[in-house]
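Student: Each residue of the sequence shown is one higher than the last, beginning at 751 in our numbering.
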Amino acid sequence: MTDVDRPQREVAPALARVAWPLRIGVGVALAAAGGIPLFGPRWTPWLVGLLALALGWAGWHLWWATRGPGAVLVGLERRWLGLHGARPIGGCAVHVHDGTQPLRIQLARQARTLVAHVATPLPASTLAFRLWPVDAGEAPEFTGSATRELTYDLARAHEVEALFSMLFHAEANEPRLLHRIMTSEVLAPLLLVRKESPPGAFRGITWDGRELAIHWTGPLVTDPERALQLSRPIWRSFVDGA
C-alpha cells in the first residue's frame, strides 16, 4: 500500500460509520437549494436556514468521524480487528473467538477515556450481579443485556465482599445465591487479575443473566492481546463452573 492509498483506507471506515447522517444531510441540503427558485422569495429565508442546518449537520458528522472522537474509535476498532479471526459486528463492536469461546468486545469512549467490555454468553440464569475493585470508582454498567429487568433490584452482597477481604464491592439481585457460587475457583482469578492489571484498568465484571462482561478502561484497551489475556482466567472460571 502506497502513502497515497493509506489515508483513503483509514478514512473509509470512519465515513462508513456516518454514511446515513451524511446522506440525509446532503439530501436535505440539495432539496432546500433546489426549492429556492421553485417556491420564490416568500420561502427563501426558510429554505436558506434549512440549507445551512443540513450542511452543518453533515459537516459535524464528517468532522466527528474523521477528526473527532469517532476517528479515535475507528483506530481502536482497527487494532482489535487485527486479532486472528476478528470481525466487526456494528456499533463499534468486534466478534472474536478465544479458543472455542465466542467473545463480543464493545468499544467506547467516555469523555477522554477509552473503554472495552469483553463479553461472552453463558447458560441463562435468574441471577444478576456486578463485582468491582474498591479502587475502581463507580460500579460498571450492564451492557448488551437481554434480561435487563434482572438488574433493576440489586442489593449490596456483604458476605461476598467479605470473601474478597473487602477488596471488591458486590451487588446482586440474589446476594445469597451469588455467595454460593463464589467458590475459590472464581475468587482466585478475580484477585489475581486485580493484582496484575495496570492501576485503574480493571473496572470489574457484570452478569446480567445471559452474558458475562469484563470491563477495562485506559491505555490497556489499546492492547487487545493483553486485555484478552487478563480476561481469560475470569470468564474461564465461570465457563468451567457453569
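Every residue gets a Cβ at the ideal spot worked out from N, C-alpha and C, and that includes glycine.
Quick one: what does DSSP say W793 is sitting in, helix, strand or coil?
Tutor: One-based indexing of the sequence shown puts residue 793 at position 43. In this structure, W793 counts as coil in the three-state DSSP scheme.
Student: Cα separation between G785 and T893?
Tutor: Taking the first residue of the sequence shown as 1, we reach residue 785 at position 35. Taking the first residue of the sequence shown as 1, we reach residue 893 at position 143. In a straight line, the C-alpha of G785 is about 45 Å away from that of T893.
Student: Going straight from the alpha carbon of D755 to that of I964, what length do you get?
Tutor: Here residue 755 is taken as the residue at index 5 of the sequence shown, counted from 1. Here residue 964 is taken as the residue at index 214 of the sequence shown, counted from 1. At D755 the pLDDT is 34, less than 50, meaning the model places this residue with poor confidence; the figure from the coordinates comes in the next sentence. Taking the straight line from one Cα to the other gives about 37 Å.
Student: Which one of P787, G806, W793 has the shortest CA to CA distance from G777?
Tutor: Reading the sequence shown from its first residue, position 27 is the one you call residue 777. Closest option to G777, Cα to Cα, is G806.
Student: Take L993 as the anchor and find which of W985, R944, T972 has the nearest alpha-carbon.
Tutor: Here the chain covers residues 751 to 992 and nothing more, so residue 993 does not appear.
Student: Report the residue from A783, A804, P890 whose alpha carbon sits nearest the alpha carbon of A773.
Tutor: Position 23 of the sequence shown, counted from the first residue, corresponds to residue 773. The sequence given here places Arg at residue 773; Ala does not occur at that position. Answer by Cα proximity: A804.
Student: Would DSSP call I964 helix, strand or coil?
Tutor: In the sequence shown, the residue the question calls residue 964 occupies position 214. In the structure shown, I964 sits in a strand (DSSP, three-state: E or B).
Student: Looking at the secondary structure, which residues open and close the beta strand (DSSP E) in which F1009 lies?
Tutor: Examination of residue 1009 is not possible in this model, given that the chain is present from 751 through 992 alone.
Student: Looking only at its chain, what residues have a beta carbon closer than 6 Å to the beta carbon of E909, apart from the 5 residues adjacent to it on each side?
Tutor: Taking the sequence shown and counting its residues from 1, one reaches residue 909 at position 159. H929.
Student: Keeping to the same chain, check which residues put their C-beta closer than 7 Å to that of R953; ignore five residues upstream and five downstream.
Tutor: Position 203 of the sequence shown holds residue 953. Once the five neighbours on either side are set aside, the close Cβ partners of R953 are W882, A886, P890, H965, W966, T967.
Student: Reducing DSSP to helix, strand and coil, say where D997 ends up.
Tutor: The requested residue 997 does not occur in the structure, where the chain is confined to residues 751 to 992.
Student: Taking just the CA atoms, how far does G832 sit from I839?
Tutor: Looking up residue 839 in the sequence shown gives position 89. Looking up residue 832 in the sequence shown gives position 82. Taking the straight line from one Cα to the other gives about 14 Å.
Student: Go to H845, then tell me how far its beta strand (DSSP E) extends in each direction, as first and last residue.
Tutor: As a first step, residue 845 must be located in the sequence shown, where it is residue number 95. Element bounds for H845: 843-848.
Student: Is A857 near E827, with beta carbons less than 8 Å apart?
Tutor: Mapped onto the sequence shown, residue 857 falls at position 107. Mapped onto the sequence shown, residue 827 falls at position 77. For the sequence presented, residue 857 should be read as Leu rather than Ala. Yes, they are a contact pair.
Student: So the alpha helix (DSSP H) P939 belongs to, where does it begin and stop?
Tutor: In the sequence shown, residue 939 corresponds to position 189, counting from 1. From DSSP, the alpha helix (DSSP H) with P939 extends over 934-946.
Student: Suppose contacts are defined by Cβ-Cβ distances below 8 Å. Is N923 in contact with A951 by that definition?
Tutor: For this step, residue 923 is matched to residue 173 along the sequence shown. For this step, residue 951 is matched to residue 201 along the sequence shown. Cβ distance not < 8 Å, so N923 and A951 don't count as in contact.
Student: Let me know the secondary structure DSSP gives R837 once reduced to three states.
Tutor: In the sequence shown, the residue the question calls residue 837 occupies position 87. R837 falls in the strand class under three-state DSSP.
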